[in-house]
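S.K.:
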Amino acid sequence: MSIAFEPLAPPTRGSDEIQDLAPLQNFQRTLSLATGLSLAVVNPAGLPLTMYSHPSDQLHSVLMKSPTLMRTLLAPGCNEFRVIHGPGGLLFMRHPIHIREVLFGHVLTGPVWEIPPGSEELLELSTLIGLPVDQVESAIRFHPAPVPLDLSLGRELTASLADLSGHLLHDRRQQRQTLTTLASLYEIGTAISSSLDLEEVLTTVLNRSIELFGATTGSLILLDEVRGELKILAQDAPNDATVYTSRSPLGEDAGEWVAREGQPSIGGGTENGHLRVPLKVKDRCIGVIHVGSRQDCTAYTVRDLQVLGILSSHAASAVENAQLYSQVTRQVRELEALQEVGHSLNSSLDVPETLRQVLDRACDLLEATNASVMLLEPDGRHLRIRVARGLSEEVIQKTRVQLGERISGRVAKEGLPISLPGGVDLQGEEIAPSLSVPLKADNKVIGVLNVRGRPHAEEFTRDDVDMAIRLASISAAALENAELHYELQQLLIDSITALANAIDARDPYTRGHSERVTEYSVMLGEKMGFGPDELERLRYAALLHDIGKIRIPDHILNKPGRLDDAEYEEMKRHPVYGVGIMLPVRAFRPLLPYMLHHHERFDGMGYPDRKMADEIPLAARIICVADCFDAMTSDRPYRKGLAVKVAVEELQKNKGTQFDPEVVELMLGLITEGKLDPVLEKMRAQASASSLLGRRAGGSRVVFSGLVGRGRLGGLPGPSI
4 MSIAFEPLAP PTRGSDEIQD LAPLQNFQRT LSLATGLSLA VVNPAGLPLT MYSHPSDQLH
64 SVLMKSPTLM RTLLAPGCNE FRVIHGPGGL LFMRHPIHIR EVLFGHVLTG PVWEIPPGSE
124 ELLELSTLIG LPVDQVESAI RFHPAPVPLD LSLGRELTAS LADLSGHLLH DRRQQRQTLT
184 TLASLYEIGT AISSSLDLEE VLTTVLNRSI ELFGATTGSL ILLDEVRGEL KILAQDAPND
244 ATVYTSRSPL GEDAGEWVAR EGQPSIGGGT ENGHLRVPLK VKDRCIGVIH VGSRQDCTAY
304 TVRDLQVLGI LSSHAASAVE NAQLYSQVTR QVRELEALQE VGHSLNSSLD VPETLRQVLD
364 RACDLLEATN ASVMLLEPDG RHLRIRVARG LSEEVIQKTR VQLGERISGR VAKEGLPISL
424 PGGVDLQGEE IAPSLSVPLK ADNKVIGVLN VRGRPHAEEF TRDDVDMAIR LASISAAALE
484 NAELHYELQQ LLIDSITALA NAIDARDPYT RGHSERVTEY SVMLGEKMGF GPDELERLRY
544 AALLHDIGKI RIPDHILNKP GRLDDAEYEE MKRHPVYGVG IMLPVRAFRP LLPYMLHHHE
604 RFDGMGYPDR KMADEIPLAA RIICVADCFD AMTSDRPYRK GLAVKVAVEE LQKNKGTQFD
664 PEVVELMLGL ITEGKLDPVL EKMRAQASAS SLLGRRAGGS RVVFSGLVGR GRLGGLPGPS
724 I
């Protein structure tokens, strides 16, 4: 009879991975019936994986349950065929099962006897298995295996079963490992794509990588190209929730070499083993995943390197999205800060109070511990602190810097920002990172904005310098109180354009889309008789109408063809995502309905709220027409841009269904008057240049002619989704 045992104790590594052993059991049955021998396959601990007791063998299944006998059969010995003498004169044949030179278990053949047992042997067997002597004697007399047994035949039989078992168990183990790996990769992909928080994404990727490979430690490193160093944002060890952060200059470490060369590595040095794989986005290396040696000390394989490579591709995309989201979030905070400071400048002539607000925002956005604004004295040769944060009153009163001396004096004299990293001076005192930028009015330096100190002594980045320069510009404008509104509006427009460009830059085929939609929308707004404030809100909403696409995965956003149902539904979420991103900016909340509803249809069949006609804000109806016209006339990866004549026909055909008829008529008027020609010519020139560069680089993209189905430009454009 065939028996498959449940493990009686925790099995060794690998045995729990075996699921379907029917082929092995069938082979055991065939051999047993042909030879009269009972057979068992056990793991190194003696736990049966499969066992077949010959129907006429009344002792085998009982003996295999004896712990005493199993200890005898599995006593340490050579890793070759062995005949083991057991109690009562019985014999078992043992043959090891090896998988890639690793002992996976044993094949046990028996029991058999070289000679019929005497009375003493029968009594010993009776005591061992707990059966009466006469039953034991009867079982041996009618045992199906010949007595005595030809051991050479038994050896061949046992070796054949061991060889087959090794191959079968190895195949099953590989299948189970593959399924486990695929499941783990799916779980990891789901986990990292569900968050846009960079630290959370990094920690999840790291911990899951360590868990997947059973590693002792690991790290996830990002390459900071601006500073020319590796930033270790997270590293971990098994069952240790501690996350560490450090920086390292580029040197000859293997992880740094991978970051520079973009090639994976395996093993190396005196380590027991490791894997290092680059995080790559569009052939650009942005970091490294490092997995240390395994807890069981087994070596890594090329397959492991391939698995980590698959994981890294998911991780790189998630990291890039999180970084971009972090950048957008930071820019949103900057916009809010600039707007609040601008409001203060417009509503108050209290310069010190306004400058204190500037310092508060500078410390908040730049994560600085203290800050100050120094102004030139009337003599034009010395600087004094006008307002400060984090400095004592004594320091404020005593500080007087001559032009050209110390850092602030040099900045005032040269008119250029200076950023210094932290460090330790000759006396061993820590020096905090510092940043000083000039305050300029009419291109004339009137003072200096200083910020100092950062968490973990991180130096200020180029983005920090840019932000400080913006704040300094606002401060100078407050002091001069000249052309304030223009300067603030220009800063806001530049920041919003940067946000829009962050979306367009994800795909060269949509580069400039937001700016063109803005130009078309403003022209339409002017035709509709919008006032200055209405035009300003329309301009910002048009620039930001697609900001929600920051949360749409690349494989959906850049798919060169029809989207499936799930992809289309995700793409339709981008107006909602955009509102979520911009909601924290109070100054832009009046724009949110325009951004949210620019994909509604005049007949109520649009999204996200299926509004119709006048229920849709007029600005949203304008953006819808402008967005659709640009989507039709510009090149996309799935088709060439349509001729203006064809786009006009589509607008007319869908007037009153998809589009507001009045807005369409105004758009057609602009086209007839040639008002759109400069924008279209600029777009065609950019497209031609991009195409030429692509041909020189040897690259190509598949382009589909005509209109594409739902999710792209089905029926009429849907607009650019």
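Heads up: the sequence shown at position 656 corresponds to 659 in my numbering, and the numbers run straight through without jumps. Beta carbons: idealized from backbone N, C-alpha and C, even for Gly.
Quick one: using the 10 Å Cβ neighbour count with 16 as the cut-off for buried, is R589 buried or exposed?
M.R.: Exposed, because fewer than 16 other Cβ atoms sit within 10 Å of the Cβ of R589.
S.K.: If we ignore side chains and look at the alpha-carbon of each, how far apart do T130 and L52 end up?
M.R.: About 27 Å.
S.K.: Applying the criterion that 16 or more other CB atoms from any shown protein chain within 10 Å of the CB defines a buried residue, is P26 buried or exposed?
M.R.: Under this definition P26 is an exposed residue.
S.K.: Mind checking Q28: buried by the 16 CB within 10 Å criterion, or exposed?
M.R.: The residue in question, Q28, is buried, as its Cβ has 16 or more Cβ neighbours within 10 Å.
S.K.: Just mark S155 as buried or exposed, buried being the case when its beta carbon has 16 or more other beta carbons within 10 Å.
M.R.: Burial call: exposed.
S.K.: Following a CB-centred definition, is G221 positioned closer than 7 Å to any heavy atom of the ligand MG?
M.R.: This structure lacks the ligand MG; in fact it carries no ligand of any kind.
S.K.: What would DSSP say about H57, mapped onto helix, strand or coil?
M.R.: In this structure, H57 counts as coil in the three-state DSSP scheme.
S.K.: Three-state secondary structure (DSSP) at K761?
M.R.: No information on residue 761 is available, as it lies outside the stretch 4 to 724 that the chain covers here.
S.K.: Output the boundary residues of the beta strand (DSSP E) element that contains L474.
M.R.: Here L474 belongs to no beta strand (DSSP E); instead the alpha helix (DSSP H) covers 465 to 483.
S.K.: With DSSP as the reference, label G701 as helix, strand or coil.
M.R.: Only weak support is given to the placement of G701: the predicted model assigns it a pLDDT of 45, under 50, and the value that follows is read from those uncertain coordinates. Coil.
S.K.: Could you pull out every residue in the same chain whose Cβ sits closer than 7 Å to the Cβ of G276, ignoring the five residues on either side in sequence?
M.R.: So the list reads G270, S296, R297, A302, Y303, once near-sequence residues are dropped.
S.K.: Are P114 and L106 closer than 8 Å when you measure CB to CB?
M.R.: Result no, Cβ atoms of P114 and L106 do not sit closer than 8 Å.
S.K.: C288 lies in the beta strand (DSSP E); which residues open and close that run?
M.R.: C288 -> beta strand (DSSP E) spans 287 to 294.
S.K.: Return helix, strand or coil for E433, following the three-state DSSP convention.
M.R.: Here E433 sits in strand by DSSP.
S.K.: Hey, how far is the Cα of L560 from the Cα of R455?
M.R.: Computed Cα separation, rounded: 41 Å.
S.K.: For S212 and L314, which I take to be in contact (beta-carbon distance under 8 Å), what is that distance rounded to the nearest angstrom?
M.R.: S212 to L314, Cβ: 6 Å. Contact.
S.K.: Using the three-state DSSP reduction, which class does V588 fall into: helix, strand or coil?
M.R.: Looking at V588 - three-state DSSP - the assignment turns out to be coil, as it is neither helix nor strand.
S.K.: Nearest to H63 by alpha carbon, out of F84, D286, F95, K443?
M.R.: The option with the nearest alpha carbon to H63 is F95.
S.K.: When the Cα of L679 is compared with those of R613, P535, V647, which residue comes out closest?
M.R.: For the residues R613, P535, V647, the minimum Cα distance to L679 belongs to V647.
S.K.: Could you give the uninterrupted runs of the alpha helix (DSSP H) lying entirely in the segment 127 to 193, keeping only those of 4 residues or more?
M.R.: Whole alpha helix (DSSP H) segments, 4+ residues: 136 to 144.
S.K.: Taking only the alpha-carbon atoms, compute the straight-line gap between L223 and V294 and give it to the nearest angstrom.
M.R.: Between L223 and V294, the C-alpha separation is close to 9 Å.
S.K.: Using the three-state DSSP reduction, which class does I388 fall into: helix, strand or coil?
M.R.: In the structure shown, I388 sits in a strand (DSSP, three-state: E or B).
S.K.: Answer yes or no: do S524 and I674 have a C-beta to C-beta separation smaller than 8 Å?
M.R.: No; because the gap between Cβ atoms is not below 8 Å, this pair is not in contact.
S.K.: With a threshold of 8 Å on Cβ separation, who are the neighbours of S740 within its own chain once the five nearest residues in sequence on each side are excluded?
M.R.: Not covered by the structure: residue 740. The range shown for the chain is 4 to 724.
S.K.: Under 8 Å, with one C-beta from each stretch per pair, do the segment 547 to 566 and the segment 596 to 613 reach the 3-pair mark?
M.R.: Cβ pair count under 8 Å is three or more, so yes.
S.K.: L24 and L164 - do their beta-carbons sit closer together than 8 Å?
M.R.: Contact: no.
S.K.: Tell me where the beta strand (DSSP E) around H98 begins and ends.
M.R.: Start and end: 93 to 102.
S.K.: Does the beta-carbon of S478 have 16 or more other beta-carbons within 10 angstroms, so that it is buried, or is it exposed?
M.R.: With 16 or more Cβ atoms within 10 Å of its Cβ, S478 is classed as buried.
S.K.: Compute the Euclidean distance between the alpha carbons of L36 and R306, then round it to the nearest angstrom.
M.R.: So the alpha carbons of these two residues sit roughly 41 Å apart.
S.K.: Does R554 come out as helix, strand or coil in the three-state DSSP assignment?
M.R.: Helix.
S.K.: Count Cβ pairs between the segment 188 to 208 and the segment 121 to 140 that sit closer than 8 Å; are there 3 or more?
M.R.: With the cut-off at 8 Å, the segment 188 to 208 and the segment 121 to 140 do not touch.
S.K.: For the beta strand (DSSP E) containing H109, list its first residue and its last residue.
M.R.: Its beta strand (DSSP E) spans residues 105 to 116.
S.K.: Along the chain, where does the alpha helix (DSSP H) that runs through G672 open and close?
M.R.: Taken as a continuous stretch (DSSP letters only), the alpha helix (DSSP H) holding G672 covers 664 to 676.
S.K.: Helix, strand or coil for A302? Go by DSSP, reduced to three states.
M.R.: Correct three-state label for A302: coil.
S.K.: So V331 and I584 are in contact, right, with Cβ under 8 Å, and what is the actual spacing, rounded?
M.R.: Right, the Cβ-Cβ distance comes to about 6 Å (below 8 Å), so this counts as a contact.
S.K.: Could you give the distance in angstroms between the alpha-carbon of D467 and the alpha-carbon of Q326?
M.R.: In a straight line, the C-alpha of D467 is about 16 Å away from that of Q326.
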